[in-house]
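Adding 1 to a residue's 1-based position in the sequence shown gives its number in my numbering.
We put the CB at the ideal spot given by N, CA and C, even for glycine.
First comes the structure, then the notes that go with it.
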Amino acid sequence: MRSVLALILGGGRGTRLFPLTSHRSKPAVPVAGKYRLIDIPISNCLNSDLRNIYILTQFLSASLHRHIANAYKFDMFSRGFVEVLAAQQTNEASDWYQGTADAVRQNIGYIERENTEHVLILSGDQLYRMDFRDLYKTHAETNADVTIAAIPVKEEDTPGFGLLSMTDAGRITGFVEKPKTVDERKPYHVPADWITSRGIAPNGRAYLANMGIYLFKTRVLLDVLTEKPLATDFGKEVFPRNLQARQMYAHLFDGYWEDLGTIGSYHESSLALGRENPPFDFFAPDGVIYTRMRNLPASRINGATLEHSLVADGCVLGPRTRIENSIVGVRTRIGSDCIIRDTVINGADAFENDAQRAANAKVGRPNLTVGDGSIIARAILDKDCRIGKGVRLTNEVRKDTADGPNGSYYIRDGIICVPRGAVVPDGTVV
């Protein structure tokens, strides 16, 4: 795979993931208690023997830069790099990235400098495990100019994806971005026996969705980006315009794949990781997910009970506390007699010592993370939250969207979100 350069797109402002993206870019959002979203595509690349990786960012990228610098270091005897390219003004471009294609176009100089035969373009906010060598095999066997990874989806899911139609040989003949009506979707319906013939069980899935994973011949990528310099998006503009002129093929994928672009999808996918047989398993030995090393002790469980949950390193869980269907991130402290249910806790960046906790008591500030006697259900607590004693975060009135006072919490998709560093005083009820 030395002939392939990987570009991971950092995404836009991430407004649908607010408030998780209020202080960080989408790829830097925590996942599974100890990882970041960016660890997923990077690990897939490394496990596929692909070691030349650029990450394109522009919004709130400082924490992402820090994570990459701490996590992915190649020694002087290893070939490869993982490098962040932040959006910048140049002689050729003075604007922010306007879309996926524009982000790649503004970094053509780096692509030309690496002088590889192929370029793999990935998204930075998806949860999946893929061996890109299989994608490359399809690309080489069909002699494709561009190969697009596609996954079967059900009709009710189609409004959120680009859809593909193709010949029996796999050549793409049609492309529509996020169809909203039955008439728009109809030409892209795929017979169940066609999917079955590819060794994939349809299970009610009758459409092929674009996964946002593209493998280009480098010369073709440079051509399509320079021929139409105003085309800003691959799915909406570049691909539909090149269906006839370029050899575009699909690579079918049938593993777990989830776009974590909304609070609802992030919450649901995170909780699924704690199930007995999770759809995505971080324990898989043949597809390790890498992240930065931390010198943290094992978690201490002081009489708490847990069910279908993940607990990361460095946590302290108090007596008589019950945790169900939840994710508990690094360095989390939960007091006694708490109930935590269907909740994602992203942990803390540092431990508090006795002196800091004494200072908190003097000014009436709760300690990190959850105080005694609190009940939290269907929530996301971002890093360094301070939830006081006797707090009840359950959204009992079932609001779908709401903003709390002074940014102390937000409700999105019916889920209570406490932003990074927020303080929720003792006795608060939401």
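Pull up the CB-CB distance for residue 137 and residue 55, whole angstroms please, since I reckon it's below 8 Å.
Not confirmed; about 18 Å, so no contact.
What is the DSSP secondary structure of residue 153, reduced to helix, strand or coil?
strand
Do residue 339 and residue 371 have their C-beta atoms within less than 8 Å of each other?
yes
Buried or exposed for residue 304, please, with buried defined as at least 16 other CB atoms from any protein chain shown within 10 angstroms of its CB.
exposed
State the CB to CB distance for the pair residue 312 and residue 329, rounded to an integer number of angstroms; the pair is presumed to be in contact (CB under 8 Å).
4 Å
Identify the continuous alpha helix (DSSP H) that holds residue 221 and give its terminal residues.
219–228
DSSP three-state assignment for residue 267, whether helix, strand or coil
helix
Between the Cα of residue 133 and those of 61, 42, 115 and 173, spot the shortest distance and give me the residue it belongs to.
42
Residue 77: buried (16+ other C-beta within 10 angstroms of its C-beta) or exposed?
exposed
Mind checking which residues open and close the alpha helix (DSSP H) that includes residue 34?
Run containing residue 34: none; DSSP gives neither H nor E here.
Alpha carbon to alpha carbon, what distance is there between residue 422 and residue 349?
9 Å
Is there contact here, the stretch 398–407 with the stretch 10–30, by at least three beta-carbon pairs under 8 Å?
no
Just checking my contact of residue 425 with residue 388 at CB under 8 Å: how many whole Å lie between their CB atoms?
5 Å
With DSSP collapsed to three states, give me the class of residue 393.
strand
What are the uninterrupted segments assigned as beta strand (DSSP E) that are 3 or more residues long and contained completely in the stretch 162–218, given in chain order?
163–167, 173–178 and 208–218
Would the C-beta of residue 187 count as close to the ligand HEM, meaning under 7 Å from any of its heavy atoms?
Questions concerning the ligand HEM fall outside what the structure shown contains, since it holds no ligand whatsoever.
Assigned exposure category for residue 155 - 16 Cβ within 10 Å defines buried:
exposed
Going by C-alpha to C-alpha distance, which of 127, 243 and 222 sits closest to residue 256?
127
Which stretch, first to last residue, makes up the alpha helix (DSSP H) that contains residue 82?
Counting along the chain, residue 82 falls outside any alpha helix (DSSP H), though it belongs to the beta strand (DSSP E) covering 82–87.
Residue 218 versus residue 143 - alpha carbon distance
12 Å
Reduced DSSP secondary structure (H/G/I, E/B, other) of residue 272:
helix
Could you tell me if residue 216 is buried or exposed, where buried requires 16 or more neighbouring beta carbons within 10 angstroms of its beta carbon?
buried
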